[in-house]
Amino acid sequence: MKDYVVLDLENPNVRGNSICAIGVIVVKNSRIIDRKYTLINPEDRFDRNNVAITGIDAGMVLDSPTLPLYWTEIRDLLTENIIVGHNIRYDLSVLSKSLNRYDIEVPDFWYIDTLQLSRQLIHAPSYRLGALTEELGFSYQEHHALEDAAAAQFLFEHLKKLYPVNTGDSRLYKYERRLKKTIDEKLVSNINDLHGIIVGITADGRVNEEEICYLQKWIDDNSKYRNYAVFDRIITKLNLILEDGVVTDYEQRELLTIADSVNHSRIYTDATLADSVNSFV
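This is the structure:
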């Protein structure tokens, strides 16, 4: 197999449904013809441990593209080629969940996992990508998406010398959504109400205790609708923001991201959104 793309992602937190960096290497006739790397604004929180591992924090991605913007650039590469990577099913899971967060249709992917191949073909004390490539004389900066992709590509070419990998060795990754139920149109006004609450309470740049209560009441009133994907996603994020009783400046931006996602959803109209804001302000 001489034509493929290599993919690696970095995460901002432990939830596994958002991305802060993407590295892609395009290989044709076993030669690298293109490299793509970008930071991604995940519109999500950054956990301390993830920042320590990747070196990427919230301030670094403020001017970076969001996944919906960057997806158009790499979609065809990833859907029209076999994807190679180390423990690549995890990356494909994160990518699929991240696309689903934005209500973007999640395609099927064909992949070959260098971790699985290594376990089949190599006897090693560790199958971590860095350990395997170090044994082969390849050094790189771990947990940098493009560097990790380069290491996986190097390892894959080495494995191909041990075993004649072909397209028939690829496997299908198919994302199975946990929640498939479509939102009941009667509940649209509930989401519109949330949009109005968020825009209203963040208008002055401060969120006080009374305003936190408004958000908590919305959560309490709508938790029974968590069987709908949009409610489950929003309530999960709101609970994370409100869990310590304080809404930081970064979390205010997260709230506005929620409001913005509502504003751009196809099931809402400008008129109803305007009404919901005016009723709160």
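Positions 454 to 734 (the working numbering) are the ones given, in order, by the sequence shown.
For glycine and all other residues, C-beta sits at the position ideal for the given N, C-alpha and C.
It should be emphasised that the depicted structure is a prediction, and the values quoted were computed from it without experimental measurement.
- Determine the burial state of ASN675: buried for a count of at least 16 other Cβ atoms within 10 Å of its Cβ, exposed for fewer. One-based indexing of the sequence shown puts residue 675 at position 222. By the 10 Å Cβ count, ASN675 comes out buried.
- Selected residue, minimal CA-CA separation from ASN643, among ILE665, GLY658 and LYS677: Stepping through the sequence shown from its first residue, residue 643 is reached at position 190. Of ILE665, GLY658 and LYS677, the residue nearest in Cα terms is LYS677.
- Message: Threshold first: 3 residues or longer. Then list the beta strand (DSSP E) segments lying entirely within the segment 555-581, N to C.
- Response: As far as the segment 555-581 is concerned, its whole beta strand (DSSP E) runs of at least 3 residues are 562-566.
- Query: Is it true that the segment 576-589 meets the segment 651-670, where meeting means three or more beta-carbon pairs spaced less than 8 Å apart?
  - Reply: No contact exists between the segment 576-589 and the segment 651-670.
- To the nearest angstrom, how far is it from the Cα of LEU585 to the Cα of ARG542? Taking the sequence shown and counting its residues from 1, the one referred to as residue 585 is at position 132. Taking the sequence shown and counting its residues from 1, the one referred to as residue 542 is at position 89. So the alpha carbons of these two residues sit roughly 19 Å apart.
- Could you tell me the distance, in whole angstroms, from the CA atom of ARG528 to the CA atom of ILE536? Counting from one through the sequence shown, the residue named residue 528 turns up at place 75. Counting from one through the sequence shown, the residue named residue 536 turns up at place 83. Between the alpha carbons of ARG528 and ILE536 lies a distance of about 12 Å.
- Query: Of all the options THR532, GLY538, ASN464 and ASN494, which has the alpha carbon lying nearest to the alpha carbon of GLU502?
  - Reply: Mapped onto the sequence shown, residue 502 falls at position 49. In the sequence on display, residue 502 carries Asn and not Glu. Taking each of THR532, GLY538, ASN464 and ASN494 in turn and checking the Cα distance to ASN502, the smallest one comes out for ASN464.
- Item | Of the residues ASP601, LEU691 and ASP566, the one placed nearest LYS670, counting alpha carbons only | As a first step, residue 670 must be located in the sequence shown, where it is residue number 217. Looking at the Cα atoms, LEU691 is the closest of the given residues.
- Using only alpha-carbon positions, find the residue among ILE651, GLU664, ILE687 and GLU533 that is nearest to LEU625. The residue you call residue 625 lines up with position 172 of the sequence shown. Of the listed residues, the one whose Cα sits closest to LEU625 is GLU533.
- Whole-angstrom distance between VAL683 and GLU610, CA atom to CA atom: Along the sequence shown, one-based indexing puts residue 610 at 157. Along the sequence shown, one-based indexing puts residue 683 at 230. Approximately 42 Å, taken between the alpha carbons.
- Please work out which residues of its chain come closer than 6 Å, Cβ to Cβ, to LEU545, disregarding the five sequence neighbours upstream and downstream, and give them in chain order. Within the sequence shown, residue 545 is the residue found at index 92, counting from 1. PHE562 and TYR626, listed in sequence order.
- From TYR580 to LEU574, what does the alpha carbon distance come to, in whole angstroms? Against the sequence shown, residue 580 aligns to sequence position 127. Against the sequence shown, residue 574 aligns to sequence position 121. Rounded to whole angstroms, TYR580 to LEU574 spans 11 Å at the Cα level.
- Task: Kindly give me the distance between the Cβ atoms of VAL514 and LEU492, rounded to whole angstroms, as I take these residues to be in contact under 8 Å.
- Result: Here residue 514 refers to the residue found at position 61 of the sequence shown. Here residue 492 refers to the residue found at position 39 of the sequence shown. About 5 Å separates the Cβ atoms of VAL514 and LEU492, confirming a contact at the 8 Å cut-off.
- Given ILE506, which residues of its chain have a CB within under 6 Å of its CB, disregarding the five upstream and five downstream residues? One-based indexing of the sequence shown puts residue 506 at position 53. So the list reads HIS596, once near-sequence residues are dropped.
- Beta-ladder partner(s) of LEU462, from DSSP: Locating residue 462 in the sequence shown gives position 9, where the first residue counts as 1. Under DSSP, LEU462 takes part in a beta bridge, and its partners are ILE475.
- Of the residues GLU663, ASP673, HIS648 and ARG679, the one placed nearest LEU708, counting alpha carbons only: Taking the first residue of the sequence shown as 1, we reach residue 708 at position 255. Of GLU663, ASP673, HIS648 and ARG679, the residue nearest in Cα terms is HIS648.
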